[in-house]
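Residue numbers (the numbering used here): 39 to 140. This report concerns only the one structure given below.
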Amino acid sequence: MTKDGNGSGAVVEKGQADQVQSRGTPQYIEFAERYGFNDREKEVLRLFMLFGLSDEEIVRVMGIKSNDLRNYMNCMLGKSRTSSPRELLALFVRYLIQQQSA
Numbered sequence: 039m040t041k042d043g044n045g046s047g048a049v050v051e052k053g054q055a056d057q058v059q060s061r062g063t064p065q066y067i068e069f070a071e072r073y074g075f076n077d078r079e080k081e082v083l084r085l086f087m088l089f090g091l092s093d094e095e096i097v098r099v100m101g102i103k104s105n106d107l108r109n110y111m112n113c114m115l116g117k118s119r120t121s122s123p124r125e126l127l128a129l130f131v132r133y134l135i136q137q138q139s140a
């Protein structure tokens, strides 16, 4: 359990946004595993995609440096063959839509 960092005092809990699941596994995990993301990249994905945290908030919540976050994002973009965080978000949304219709 960690603070979301946006000043609202909300708490970001592991299970809170993970409720969108298929076959018992959160869909963001399935998506991340499909593209070979490591555990830290999965956490960045969760905080960015599911909670919409800014880079500064992710750095604070994860207790990492800005350069580390930049490296994680670049690796995620490379593994997913996307060129920007916005394109990665679009890919994730398309994945969710496909899973709902399957």
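Cβ atoms here follow ideal geometry from the backbone N, Cα and C, with glycine treated the same way.
Query, Result
"Same chain, Cβ closer than 7 Å to Y110, five either side skipped, listed in chain order", "R78, E79 and V82"
"Buried versus exposed, by CB contacts within 10 Å (16 or more), R84", "buried"
"The alpha helix (DSSP H) enclosing Y73, as first and last residue numbers", "Unbroken run through Y73: none, as it is neither H nor E."
"Local conformation of I96 per DSSP, three classes", "helix"
"Nearest-angstrom Cβ-Cβ length linking L134 and L126, presumed shorter than 8 Å", "The Cβ separation is near 13 Å, so there is no contact."
"Where K80 falls: helix, strand or coil (DSSP)", "helix"
"Cβ-based neighbour list, A70, same chain, cut-off 7 Å, excluding 5 preceding and 5 following", "E79, K80 and L83"
"Whole-Å CB distance - S15 paired with Y73, under 8 Å assumed", "What the structure shows of the chain is the stretch from 39 to 140, and residue 15 is not part of that stretch, so it cannot be assessed."
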